[in-house]
Structure formats: structure tokens, C-alpha cells
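Following: one structure in C-alpha cells, then a few remarks.
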């Protein structure tokens, strides 16, 4: 990791996409970011009418949400979290505070629906599913270091690292008092071997580069690497609850006809995990795209 420099990941999103599925009806939403990290605009559009409505504040629900929620540029830095909710700077900045929506991204998303299915799942069912992609950047190390499988990486060699491989996202279902009901951390790389707190990769490089010893973390966050799938004979029935992020509950909110809405609130965090084996200088200027897809289904 870069010494004495602020490590910032350029989030240059072509699209930061939330896709919410209800009974085959699709709602698309985009958050677009410029190449210099400015959050240019946010557009969440519910094309399925009022079957599903979303909100940033739980008061004004509509089929389209604008960009006023994100007013300042966000510069992702390497941060770390053991629970996906409380953050500090990464292992090369131990003890330093991580600043919300400057060093890492967070926002609340409210759901309401009149439908009978109650489980909200993060899913990946193909090209439009939940995923993180990035272009990758070339990295030329200044010293030898150890990579996965005891591979010796020589100084001045050229390797390609991807910011997507060090990304994390967490989902926290909140009650009316904003207390956490359920939480999960998802590593979209799907590669546990290169996950949190590994001795090779970024950790090995930093120790060799600085001649400093950084103890590996003892507490490893509980993390999922795969998402729930649906019954092939019933696409509205989940087979597992691995990526269940919320359960819609009865509320005192009704529509004009007096029908009750079922509601949920989820707090979402997206960050670059500083303890990841891929959190190395090579991802400093990578451009990343995050795509989230949600599906409403019966619980497994």
C-alpha cells in the first residue's frame, strides 16, 4: 500500500444499479459517478408502477428518486470493518477515523409493497445480477513479496489487480428505532481464499515495503460469498436465506383504497476492505461499477 499517501479508489461508475424484481416486473435505478469521483446524479425509477415503491427518507415514496441525496463527491479509501457497520481506516492507518460518505459509501433504502411475498433478497441470476466489476490496473512492485500459493512476486514485475476483488457490501435491516434486526456482509468476488486478513498479497507487500510488522486480525467478519437462488419451478420461492436482507412487515401505512403496505428499511454500506489480499497499490486508480439486484420472494 502507498506509504504516506491517502489511498483513494476512484469510483468511476458507469452505472451503480439497483434492480428490484417483483412478480416479473422490473424496477431499474442508476447512480452515475464521473471519472473524478463526483456523484453527478442518481436516478431510481420504478417501472412497475406502485407494486414496489422506494424512498430515501421513508416519507416520500415514488417510482423515481433524484440525485439530491448525494451532494458531495465520495472518495473511497481503504477502510476496514469487523461488522460491516462500524468503520476505521485500513490496516496501514490503524486508529484513524473513517469518514462516512467520504471514505466509504452508505445510504438507507426503504421498501414498501402491497404484495404477499415478504423476503427481500440480494440475488445474482445472470448478466443483470448483483456484481462488482472494474477495469483493473497494472501494478509494478518496488520490492519482492509473497502472493497466494507461496508465489514470489519480484520487484519491477508487472501484475494486474482489480478493485472489484477488494470490494465489500453490507446490508442491515433496521427496525423503527433504527436498531439492527439482521445483518450480512457480502464479498462479491466470491473468493474466500483472497478474503479478509490474509498474510499474502497486500499484507505481505506492505510489510516488505516498510520493514514493519503488522499483526493479522484475530477477528474475522462473518461473510457470505454466494447469494441465494430461487426455486427453478417457482421463481418467487427462495431456496436459501443466505442473502435475505429484510422481511417486509405490517405497517400503519395504507394506500388510497385502504390497503396496508408491508414495509422494510435497509442500511447499505459499500467499501474497499483494507484487509483484503487485493487491497494493494494496483487498485488505487481503478474504475469500479457496482450493480445490485433485489428480488421479493417467499422465505426458504
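Residue numbers (our numbering): 26 to 325. We put the CB at the ideal spot given by N, CA and C, even for glycine.
With 16 other Cβ atoms within 10 Å as the buried cut-off, status of residue i
| i | result |
| --- | --- |
| residue 350 | This structure cannot settle anything about residue 350, because the visible part of the chain is limited to 26 through 325. |
| residue 273 | buried |
| residue 224 | exposed |
| residue 209 | buried |
| residue 196 | buried |
| residue 58 | No answer about residue 58 holds up, because its pLDDT of 31 lies below 50 and its placement is not dependable. |
| residue 84 | exposed |
| residue 413 | The chain is shown from 26 up to 325; residue 413 falls before or after that span and cannot be answered. |
| residue 279 | exposed |
| residue 311 | buried |
| residue 151 | exposed |
| residue 71 | For residue 71, the predicted structure reports a pLDDT of 31, less than 50, and the residue's modelled location is therefore unreliable. A value from the coordinates is still provided. Buried is the call here. |
| residue 31 | Confidence is the limiting factor: at residue 31 the pLDDT is only 44, short of 50, which leaves the residue's position unreliable, though a coordinate-based value still follows. Label assigned to residue 31: exposed. |
| residue 111 | exposed |
Cβ pair residue i, residue j closer than 8 Å
| i | j | result |
| --- | --- | --- |
| residue 325 | residue 235 | no |
| residue 227 | residue 322 | no |
| residue 298 | residue 221 | yes |
| residue 330 | residue 318 | Here the chain comprises residues numbered 26 to 325, so residue 330 is not present and cannot be evaluated. |
| residue 173 | residue 219 | yes |
| residue 123 | residue 129 | yes |
| residue 267 | residue 295 | no |
| residue 300 | residue 166 | no |
| residue 230 | residue 170 | yes |
Candidates the options: closest to residue i by CA position
| i | options | result |
| --- | --- | --- |
| residue 284 | 138, 81 and 263 | 138 |
| residue 107 | 282, 275, 179 and 241 | 241 |
| residue 184 | 317, 315, 319 and 308 | 308 |
| residue 292 | 168, 286, 271 and 304 | 271 |
| residue 305 | 151, 189, 269 and 145 | 189 |
| residue 156 | 263, 214 and 280 | 214 |
| residue 275 | 113, 127, 101 and 141 | 141 |
| residue 177 | 124, 125, 233 and 143 | 233 |
| residue 261 | 169, 104, 80 and 320 | 320 |
| residue 198 | 132, 118, 86 and 112 | 132 |
| residue 254 | 200, 154, 159 and 245 | 154 |
| residue 216 | 170, 192, 237 and 145 | 192 |
| residue 135 | 229, 113 and 86 | 86 |
| residue 246 | 163, 81, 269 and 194 | 194 |
| residue 125 | 144, 251 and 101 | 101 |
| residue 252 | 105, 269, 127 and 160 | 269 |
Residues bridged to residue i [DSSP beta-bridge criterion]
| i | result |
| --- | --- |
| residue 196 | 209 and 293 |
| residue 256 | 259 |
| residue 80 | 135 |
| residue 321 | 145 |
| residue 275 | 287 |
* At 3 residues or longer, and completely inside the stretch 201-235: list those beta strand (DSSP E) runs for me, N to C. => 205-211
* To do: Go through the stretch 126-164 residue by residue and report every complete run of the beta strand (DSSP E) that reaches 3 residues or more, in order.
  => 130-138, 144-147, 156-159 and 162-164
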